[in-house]
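Undergrad: Quick note, the working numbering runs 132 ahead of the 1-based positions in the sequence shown.
For each residue, glycine too, the CB sits at the ideal point set by N, CA and C.
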Amino acid sequence: DDARPGARGLSGSPPGDAGIRIRRIRPDEAHSLRAIRLRAVVDAPHAFSGTLAGTGARPPSVWEERARRGSAGDTEIVVFAERGSELVGMAGALTPHDEPRTRRVHGVWVDPSAREAGAGSGLV
133 DDARPGARGL
143 SGSPPGDAGI
153 RIRRIRPDEA
163 HSLRAIRLRA
173 VVDAPHAFSG
183 TLAGTGARPP
193 SVWEERARRG
203 SAGDTEIVVF
213 AERGSELVGM
223 AGALTPHDEP
233 RTRRVHGVWV
243 DPSAREAGAG
253 SGLV
(Lines of atoms letter the chains of each structure in order from A; the text may use other names.)
(Lines give C-alpha, C1' and ligand atoms only; values in the text may rest on other atoms or scores of the structure.)
Protein backbone atom coordinates (compact mmCIF):
# COMPACT_ATOMS: atom_id res chain seq x y z
CA ASP A 133 0.00 0.00 0.00
CA ASP A 134 1.46 3.36 -1.00
CA ALA A 135 -0.55 5.40 1.53
CA ARG A 136 1.01 5.79 4.92
CA PRO A 137 -1.13 7.47 7.57
CA GLY A 138 0.55 10.51 9.00
CA ALA A 139 2.87 11.17 6.05
CA ARG A 140 1.33 14.56 5.38
CA GLY A 141 1.44 15.80 1.81
CA LEU A 142 2.57 12.55 0.18
CA SER A 143 0.14 10.03 1.57
CA GLY A 144 -2.20 9.42 4.44
CA SER A 145 -5.34 11.16 5.62
CA PRO A 146 -5.73 14.93 5.76
CA PRO A 147 -7.13 16.66 8.83
CA GLY A 148 -10.92 16.20 8.93
CA ASP A 149 -10.55 13.71 6.13
CA ALA A 150 -14.20 12.63 5.61
CA GLY A 151 -12.87 9.36 4.20
CA ILE A 152 -10.32 11.08 1.97
CA ARG A 153 -6.85 9.60 1.52
CA ILE A 154 -3.85 11.36 -0.03
CA ARG A 155 -1.38 9.31 -2.03
CA ARG A 156 1.27 9.67 -4.66
CA ILE A 157 0.42 8.83 -8.26
CA ARG A 158 1.53 5.43 -9.53
CA PRO A 159 3.44 5.14 -12.83
CA ASP A 160 0.56 3.25 -14.47
CA GLU A 161 -2.02 5.97 -13.78
CA ALA A 162 -1.59 8.14 -16.87
CA HIS A 163 -5.25 7.64 -17.82
CA SER A 164 -6.38 8.68 -14.33
CA LEU A 165 -4.15 11.76 -14.42
CA ARG A 166 -5.60 12.81 -17.76
CA ALA A 167 -9.17 12.23 -16.59
CA ILE A 168 -8.83 14.24 -13.39
CA ARG A 169 -6.98 17.05 -15.18
CA LEU A 170 -9.83 17.29 -17.70
CA ARG A 171 -12.36 17.44 -14.84
CA ALA A 172 -10.29 20.21 -13.25
CA VAL A 173 -10.10 22.25 -16.46
CA VAL A 174 -13.88 21.96 -16.93
CA ASP A 175 -14.56 22.99 -13.32
CA ALA A 176 -11.96 25.78 -13.04
CA PRO A 177 -10.67 26.77 -16.49
CA HIS A 178 -9.22 30.03 -15.16
CA ALA A 179 -6.97 28.12 -12.75
CA PHE A 180 -5.16 26.03 -15.36
CA SER A 181 -3.04 26.86 -18.36
CA GLY A 182 -4.37 25.69 -21.68
CA THR A 183 -7.86 24.94 -22.89
CA LEU A 184 -10.05 21.88 -22.54
CA ALA A 185 -9.49 21.08 -26.21
CA GLY A 186 -5.72 21.47 -25.90
CA THR A 187 -5.53 19.44 -22.70
CA GLY A 188 -7.68 16.69 -24.18
CA ALA A 189 -5.60 16.57 -27.35
CA ARG A 190 -2.32 15.84 -25.58
CA PRO A 191 -1.06 12.42 -26.67
CA PRO A 192 -0.96 9.46 -24.27
CA SER A 193 2.84 9.73 -24.13
CA VAL A 194 2.57 13.12 -22.37
CA TRP A 195 0.35 11.70 -19.63
CA GLU A 196 2.50 8.56 -19.33
CA GLU A 197 5.62 10.67 -18.84
CA ARG A 198 3.94 12.91 -16.26
CA ALA A 199 2.71 9.88 -14.32
CA ARG A 200 6.15 8.27 -14.47
CA ARG A 201 7.99 11.40 -13.33
CA GLY A 202 5.38 12.28 -10.71
CA SER A 203 5.54 8.83 -9.14
CA ALA A 204 9.29 8.56 -8.60
CA GLY A 205 12.04 10.69 -7.19
CA ASP A 206 11.90 14.07 -5.51
CA THR A 207 12.18 16.52 -8.41
CA GLU A 208 8.56 16.20 -9.54
CA ILE A 209 5.66 14.90 -7.48
CA VAL A 210 2.00 14.31 -8.32
CA VAL A 211 -0.43 13.39 -5.54
CA PHE A 212 -4.08 12.39 -5.64
CA ALA A 213 -6.86 12.73 -3.09
CA GLU A 214 -9.22 9.79 -3.19
CA ARG A 215 -12.43 8.88 -1.45
CA GLY A 216 -12.95 5.17 -1.72
CA SER A 217 -11.96 4.36 -5.30
CA GLU A 218 -12.85 7.83 -6.66
CA LEU A 219 -10.18 10.44 -7.32
CA VAL A 220 -11.42 13.73 -5.85
CA GLY A 221 -8.31 15.91 -6.06
CA MET A 222 -4.80 16.36 -7.37
CA ALA A 223 -1.73 18.51 -6.92
CA GLY A 224 1.76 18.66 -8.33
CA ALA A 225 5.04 20.04 -7.07
CA LEU A 226 8.34 20.74 -8.81
CA THR A 227 11.77 21.33 -7.33
CA PRO A 228 13.58 24.00 -9.37
CA HIS A 229 17.11 22.97 -10.35
CA ASP A 230 18.54 26.20 -8.97
CA GLU A 231 16.57 25.97 -5.70
CA PRO A 232 16.86 22.37 -4.45
CA ARG A 233 15.23 23.19 -1.09
CA THR A 234 12.13 24.71 -2.70
CA ARG A 235 8.93 23.09 -3.98
CA ARG A 236 6.69 24.95 -6.38
CA VAL A 237 3.14 23.71 -6.00
CA HIS A 238 0.94 23.69 -9.11
CA GLY A 239 -2.19 22.14 -10.52
CA VAL A 240 -4.08 21.93 -7.22
CA TRP A 241 -7.71 20.99 -7.69
CA VAL A 242 -10.39 19.42 -5.50
CA ASP A 243 -13.71 18.14 -6.83
CA PRO A 244 -16.61 20.28 -5.57
CA SER A 245 -18.06 17.24 -3.76
CA ALA A 246 -14.91 16.96 -1.64
CA ARG A 247 -14.28 20.62 -0.84
CA GLU A 248 -14.33 21.65 2.81
CA ALA A 249 -13.33 18.09 3.78
CA GLY A 250 -9.58 18.67 4.17
CA ALA A 251 -8.51 17.35 0.77
CA GLY A 252 -6.88 20.61 -0.32
CA SER A 253 -4.87 20.86 2.90
CA GLY A 254 -3.80 17.26 2.56
CA LEU A 255 -2.70 17.73 -1.04
CA VAL A 256 -0.36 20.60 -0.23
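Go through the stretch 168 to 226 residue by residue and report every complete run of the alpha helix (DSSP H) that reaches 4 residues or more, in order.
TA: List check, alpha helix (DSSP H) in window: 184 to 189 and 192 to 203.
Undergrad: Could you tell me how far apart the beta carbons of A213 and I154 are, in whole angstroms, since I believe they sit closer than 8 Å?
TA: If you number the sequence shown from 1, residue 213 lands on position 81. If you number the sequence shown from 1, residue 154 lands on position 22. Rounded, the Cβ-Cβ distance is 5 Å, consistent with contact.
Undergrad: So L266 and I157 are supposed to be a Cβ contact under 8 Å. How far apart are they, rounded?
TA: Here the chain covers residues 133 to 256 and nothing more, so residue 266 does not appear.
Undergrad: Output needed for T234: all residues of its chain with C-beta closer than 7 Å, excluding positions within five of it in sequence on either side, in chain order.
TA: In the sequence shown, residue 234 corresponds to position 102, counting from 1. Cβ within range, chain order: T227 and P228.
Undergrad: What is the C-beta distance between V240 and L219, in whole angstroms, given that I count them as a contact (C-beta under 8 Å)?
TA: Residue 240 sits at position 108 when you count from the first residue of the sequence shown. Residue 219 sits at position 87 when you count from the first residue of the sequence shown. The Cβ separation is near 14 Å, so there is no contact.
Undergrad: Note the first and the last residue of the continuous alpha helix (DSSP H) segment covering G254.
TA: Stepping through the sequence shown from its first residue, residue 254 is reached at position 122. Looking at the DSSP string, the run of the alpha helix (DSSP H) that includes G254 is A251 to L255.
Undergrad: For A249 and A176, what's the separation of their Cα atoms in angstroms?
TA: Within the sequence shown, the letter at position 117 stands for residue 249. Within the sequence shown, the letter at position 44 stands for residue 176. Rounded to whole angstroms, A249 to A176 spans 19 Å at the Cα level.
Undergrad: Pick out whichever of A189, A167, R200 and L184 has its Cα sitting closest to the Cα of D243.
TA: Taking the first residue of the sequence shown as 1, we reach residue 243 at position 111. Ranking the options by Cα distance to D243, first place goes to A167.
Undergrad: Do you know whose CA, among G186, G252, S181 and E196, lies nearest D160's CA?
TA: On the sequence shown, position 28 is the one that residue 160 refers to. Here the closest residue by C-alpha is E196.
Undergrad: I'd like the list of long-range same chain contacts for R246, defined as Cβ closer than 7 Å, with 5 residues on each side in sequence excluded.
TA: As a working note, residue 246 is residue 114 in the sequence shown. The question names Arg, yet the displayed sequence has Ala at residue 246. Result list for A246: I152, A213, R215, V220 and G221, in chain order.
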